[in-house]
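Participant:
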């Protein structure tokens, strides 16, 4: 049994399958680690990939994912015949597609996994938004790609953020916080200065604000996912643990026909 994280505003979309893998899954009453790594390809990764896809009732052996490099590059998946291995060579931190039955995925362990769906154009996308990607406006770049490649209107987009490190736990130094302070000012409730001249950043809420600035309606953005540090027993956290596993966030369109 796998208890996936899913987003209510997206669960209402009958032609979209989505979800984030937990830290553990249960087989015959025994709890086992649900482990993914950025390198992928190993026997354990492939085994858990199959279990994860089966849990979502997806009849595929693999999902499509890119090489995540904390950039603002967006991979647009338009060729229905492209191989998983080919997509796996692209360096990007977002992937969007209109192709049905084509599962796309991002890996995270504190960074914000963002699922986007356009129910009008029937297009979906995933974003890996860490501090560097957020600073480089990866979400805005992805929204622009929806519009440029598929004619999507930002006001039609529905967006949800999965498990990520929250403002209660994500402490950074001044140089890391400075780009966000310049952009949003210290008045922002998503940037809080500590007595030790450090700063707490709330990346999910910063990305929510970024989405709104890009034209997505406030009521269409879910940004209340759990904190990977506070709930480390349920989710992997690089900040909390150092070397650790990764969560998989997946999205797949079902055919309209």
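In the working numbering, the protein residues as written are 6 to 262. From the three backbone atoms N, C-alpha and C, an ideal C-beta is built for every residue, glycine too. Computed from a predicted model, the values in this text were never measured in an experiment.
Measure how close the beta-carbons of residue 72 and residue 165 come, nearest whole angstrom, since I'm counting them as under 8 Å.
Facilitator: Not confirmed; about 24 Å, so no contact.
Participant: Give the DSSP-derived three-state secondary structure of residue 78 in the structure shown.
Facilitator: Reduced to three states, the DSSP call for residue 78 is coil.
Participant: Which residues share a DSSP beta bridge with residue 38?
Facilitator: Beta-bridge pairing links residue 38 to 29.
Participant: Rank 159, 38 and 88 by C-alpha distance to the C-alpha of residue 217 and give the top, closest one.
Facilitator: Nearest C-alpha to residue 217: 159.
Participant: Output the distance between the C-alpha atoms of residue 261 and residue 128, rounded to the nearest integer angstrom.
Facilitator: Going from the Cα of residue 261 to the Cα of residue 128 covers about 11 Å.
Participant: Check whether the stretch 194-202 touches the stretch 128-139, counting contact only when three or more Cβ pairs, one atom from each stretch, lie closer than 8 Å.
Facilitator: With the cut-off at 8 Å, the stretch 194-202 and the stretch 128-139 do not touch.
Participant: What separation, rounded to the nearest whole angstrom, lies between the Cα atoms of residue 96 and residue 81?
Facilitator: Each residue's Cα considered, the two are about 12 Å apart.
Participant: Where do the N-terminal and C-terminal ends of the alpha helix (DSSP H) with residue 137 fall, by residue?
Facilitator: Element bounds for residue 137: 136-140.
Participant: At what residues does the beta strand (DSSP E) containing residue 9 begin and finish?
Facilitator: Segment: none, residue 9 is in no beta strand (DSSP E) and carries neither H nor E.
Participant: I think residue 79 touches residue 37, with their Cβ atoms under 8 Å apart; what is that distance to the nearest whole Å?
Facilitator: The pair is not a contact, with the Cβ atoms about 35 Å apart (cut-off 8 Å).
Participant: Please determine if the stretch 14-27 and the stretch 50-63 are in contact, where contact requires at least 3 C-beta pairs separated by less than 8 Å.
Facilitator: These segments touch.
Participant: Could you check where the alpha helix (DSSP H) with residue 125 kicks off and where it finishes?
Facilitator: Looking at the DSSP string, residue 125 is not in any alpha helix (DSSP H), and its letter there is neither H nor E.
Participant: What are the boundary residues of the beta strand (DSSP E) that residue 206 is part of?
Facilitator: First-last of the beta strand (DSSP E) with residue 206: 204-206.
Participant: Check the C-beta distance from residue 117 over to residue 33 and give it rounded, since I have them as a contact under 8 Å.
Facilitator: At roughly 34 Å, the Cβ-Cβ gap does not stay under 8 Å, so residue 117 and residue 33 are not in contact.
Participant: Have a look at residue 70 and residue 89 and give me their C-alpha separation to the nearest angstrom.
Facilitator: Answer to the nearest angstrom: the Cα atoms are 8 Å apart.
Participant: For residue 232, which residues in the same chain have their Cβ closer than 8 Å to its Cβ, ignoring the five residues on either side in sequence?
Facilitator: The answer, listed in chain order, is 168, 169, 170, 171, 173 and 174.
Participant: Can you list, in chain order, the residues of its chain with a C-beta nearer than 8 Å to that of residue 18? Leave out the 5 residues immediately preceding and following it.
Facilitator: Excluding sequence neighbours, residue 18 sits near 122, 124 and 163.
Participant: Looking only at its chain, what residues have a beta carbon closer than 7 Å to the beta carbon of residue 20, apart from the 5 residues adjacent to it on each side?
Facilitator: Closer than 7 Å at the Cβ level, and outside the excluded window around residue 20, lie 127, 258, 259 and 261.
Participant: Among the candidates 106, 44 and 98, whose CA atom is the shortest distance from the CA of residue 256?
Facilitator: Here the closest residue by C-alpha is 106.
Participant: Distance cutoff 8 Å, beta carbons only. Does residue 64 sit that close to anything in chain C?
Facilitator: Looking at the structure shown, chain C is missing, and only one protein chain is on hand.
Participant: Give me the Cβ distance between residue 99 and residue 133, rounded to the nearest whole Å; I'm assuming they're in contact under 8 Å.
Facilitator: About 7 Å separates the two Cβ atoms, so the contact holds.
Participant: From what residue to what residue does the alpha helix (DSSP H) around residue 145 run?
Facilitator: Counting along the chain, the alpha helix (DSSP H) containing residue 145 begins and ends at 143-155.
Participant: If you follow the alpha helix (DSSP H) that residue 89 is part of, which residue opens it and which one closes it?
Facilitator: Unbroken alpha helix (DSSP H) run through residue 89: 89-92.
Participant: Give me the Cβ distance between residue 114 and residue 30, rounded to the nearest whole Å; I'm assuming they're in contact under 8 Å.
Facilitator: In fact, because the Cβ distance is near 17 Å, the residues do not count as touching under 8 Å.
Participant: If residue 254 and residue 110 are in contact, beta carbons under 8 Å, what's the gap, nearest whole angstrom?
Facilitator: The Cβ separation is near 6 Å, so the contact holds.
Participant: How far does the alpha helix (DSSP H) with residue 170 in it extend, from its first residue to its last?
Facilitator: Element bounds for residue 170: n/a, residue is neither H nor E.
Participant: Please tell me whether residue 227 and residue 12 are closer than 8 Å, where the distance is taken between their beta carbons.
Facilitator: In this structure, residue 12 lies closer than 8 Å to residue 227 by Cβ.
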